[in-house]
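Residue numbers (this note's numbering): 44 to 287. Structure, as structure tokens:
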Amino acid sequence: MTVLLSPADPTAVVATMPATYSSVTMPTIRAADRSSDRTSDRASDRASDRASSRASDRAESERLAAGFVRGDEESFALVYRRWGALVYSLAARSLGDAREAEDVAQQTFLAAWRGRHGYHALRGPLPGWLVGIARRKIADAHAARSRRTELAAAHAARESADAPGTAEPPEAALDRVLVSQELRKLPPVQRDILRLAFFDDLTHVQIAERTGLPLGTVKSHARRAMARIRRSMTDGPAADSSAA
């Protein structure tokens with residue numbers, strides 16, 4: 044048993060505690076403090092390492108960008124190796140097709156190499172510039188896909204019309220022609236959204252993932268495009284010109 048005396052009166056007993064408290068508990072507290080200090084030191088070291096790694100990464104990116112703009116082919120190869128996966132994954136998510144994504148990645152880096160003198164480091168880092176080119180190439184791929192879909196549909200319609208006993212009613216043929224005409228009148232974004240919805244049978248969520256547009260934007264574009272087509276087909280060309 045350990046006796047605690049009052050600091051003011053050494054003869055006054057303040058409290059007693061088991062002898063084991065001072066011999067076991069106090070060292071345990073000191074050990075816990077030392078462990079906490081070590082944990083804090085390790086966390087500080089990790090934060091310092093991360094900051095150092097980011098600084099090193101920025102310096103390497105700037106070095107590669109400078110060599111790339113100068114036309115150094117080794118730098119270009121390293122740029123492709125460093126950010127090729129980023130461009131490919133962006134294209135794959137939007138297009139949903141590995142082969143098309145590979146084509147877009149190649150077109151992106153080819154366009155970047157040819158237009159490398161248009162890159163200025165003060166306007167932003169090189170990967171952001173590459174992503175901007177990739178988005179344009181992805182939009183081109185969507186447009187090309189829509190054209191292929193239209194051509195395939197037109198070819199199938201011709202074959203169906205030529206087959207004996209399968210003549211299409213004149214009203215259906217007229218409707219198809221009118222819809223195609225109205226699609227061509229739409230702004231590019233609205234036209235692409237409707238083509239993805241009706242020809243590729245995608246939902247609004249899937250269209251948003253493919254195009255990179257917010258879901259609300261996709262819905263509003265689709266709603267306005269459908270309203271415009273309905274007005275034009277109901278009221279004729281005058282309604283379409285007034286809507287424009």
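The C-beta atom is built at its ideal place from N, Cα and C for all residues, glycine as well. Everything numeric in this text was worked out from a predicted model, so none of it was measured.
Residue i versus the options, residue with shortest Cα-Cα distance
i, options, result
"residue 168", "150, 103, 133 and 242", "103"
"residue 1", "125, 165 and 160", "Limits of the chain in this structure are 44 at one end and 287 at the other, which puts residue 1 out of reach."
"residue 133", "233, 117, 175 and 232", "175"
"residue 163", "145, 189 and 113", "113"
"residue 179", "166, 155, 193 and 191", "155"
"residue 290", "243, 273 and 272", "Residue numbering for the chain in the displayed model covers 44 to 287; residue 290 lies beyond these limits and cannot be assessed."
"residue 274", "246, 239, 229 and 235", "229"
"residue 159", "107, 263 and 252", "107"
"residue 256", "152, 233 and 97", "233"
"residue 150", "123, 166 and 258", "123"
"residue 267", "115, 146 and 231", "231"
Local conformation of residue i per DSSP, three classes
i, result
"residue 242", "coil"
"residue 231", "helix"
"residue 123", "helix"
"residue 140", "coil"
"residue 226", "helix"
"residue 158", "coil"
"residue 100", "helix"
"residue 264", "helix"
"residue 257", "coil"
"residue 163", "coil"
"residue 175", "helix"
"residue 33", "Because the chain in this structure spans residues 44 to 287, residue 33 falls outside the shown range and cannot be described."
"residue 170", "helix"
"residue 146", "helix"
"residue 183", "helix"
"residue 271", "helix"
Cβ-Cβ distance between residue i and residue j below 9 Å
i, j, result
"residue 254", "residue 261", "yes"
"residue 129", "residue 170", "yes"
"residue 237", "residue 270", "no"
"residue 22", "residue 117", "Given that the chain is displayed from residue 44 to residue 287, the structure contains no residue 22 and the question cannot be resolved."
"residue 119", "residue 110", "yes"
"residue 272", "residue 239", "no"
"residue 165", "residue 152", "no"
- Query: Is the stretch 129-139 touching the stretch 172-184 in the sense that three or more CB pairs, one from each, lie closer than 8 Å?
  - Reply: Yes, they touch.
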